[in-house]
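Numbering of the sequence shown is given in our numbering, commencing with residue 4 and proceeding in unit increments. Glycine included, each C-beta is placed from N, C-alpha and C at the ideal position. Inspection log for the structure reproduced underneath, given as structure tokens.
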Amino acid sequence: MSRYQKLDKNELLNAAERVIQNQGAHALSIGTVAAEAGVSRGGIQSNFGTRAQLIDALFDRWDQDLERYKQEVRSRARSDISDLDVFLAASRLQHKQQPQQMSAMMILTMQTQAHREASHEWMADKLSLIPSEDKQKRLERLRLLVSEAMIVIHSMQLTPLSEDDWDEVWDDLDGVFRNDTPS
């Protein structure tokens with residue numbers, strides 16, 4: 004008699020991300036994830052239930068990962084670092100260390116009105132990290148939006164820039180907001 008082997012949920016979520024990246028969010032199903040992971044449909048259903056619950060698990064993992072990166076940034080930063088700076092550094096770190104995960108998230112986020120609305124609320128929450136009501140607020144808002152746009156462009160591979168070029172672009176962005184614009 005064979006013994007039941009517990010499936011690794013993270014590996015199953017990785018398989019779901021590969022389906023999204025390689026076939027599109029429309030192809031995400033219990034069956035396609037099972038085939039990608041090399042397990043039975045029942046294995047996926049016993050871990051996630053429905054397609055909607057699988058999608059919820061993907062978003063939950065992405066949020067948990069961002070929180071982990073924020074904790075990592077805070078542990079290495081000065082005590083007076085702003086919440087916005089923590090978020091921007093963590094977001095960039097997550098993007099750099101998990102680019103496939105980020106691109107799958109971007110693809111999935113755009114698939115339904117409900118996901119777009121959730122993204123809208125998520126961005127409103129990030130904009131609330133900007134406390135002041137003056138010119139500085141406008142600069143911080145611009146910094147947040149440009150940084151997030153750059154992550155989308157890079158994650159979706161929408162430019163022919165190399166990784167070295169992207170490192171320069173990130174440095175240039177940081178320089179603009181430190182007032183030492185590159186020459």
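Going by the CB atoms, is the gap between residue j and residue i shorter than 7 Å?
i    : j    : result
V76  : A93  : yes
A28  : I110 : yes
Q103 : D68  : no
V89  : K73  : yes
Using three-state DSSP, classify residue i as helix, strand or coil.
i    : result
I154 : helix
T162 : coil
M126 : helix
R6   : Because R6 sits at a pLDDT of 48, beneath the cut-off of 50, its placement in the model cannot be relied upon, and the point is left open.
A38  : helix
R79  : helix
R181 : coil
I58  : helix
T112 : helix
P134 : coil
L31  : coil
I47  : helix
S85  : coil
D68  : helix
Q74  : helix
D175 : helix
How close, in whole Å, do the beta carbons of residue i and residue j come, if the pair is a contact with beta carbons under 8 Å?
i    : j    : result
I23  : R54  : Rounded, the Cβ-Cβ distance is 12 Å, inconsistent with contact.
L130 : M153 : Contact doesn't hold; Cβ gap of about 17 Å is too wide.
L87  : I133 : 6 Å
M108 : W173 : Actually they are not in contact, since the Cβ atoms of M108 and W173 sit about 19 Å apart, beyond 8 Å.
V36  : A19  : 5 Å
L10  : G45  : Incorrect: roughly 10 Å between the Cβ atoms, too far for contact.
L15  : A40  : 5 Å
Please identify the residue among the options whose C-alpha is closest to the C-alpha of residue i.
i    : options                   : result
L106 : D11, Q26, K12 and F180    : Here residue 106 turns out to be Ser, not Leu, going by the sequence shown. Closest option to S106, Cα to Cα, is Q26.
H157 : D170, R146, H123 and L145 : D170
Q139 : F180, D167 and N13        : F180
V149 : M126, L164 and S165       : M126
Q48  : A30, A80 and K12          : K12
R146 : D83, R95 and G52          : R95
Q114 : R71, A30 and E143         : A30
S85  : F62, E143 and Q101        : E143
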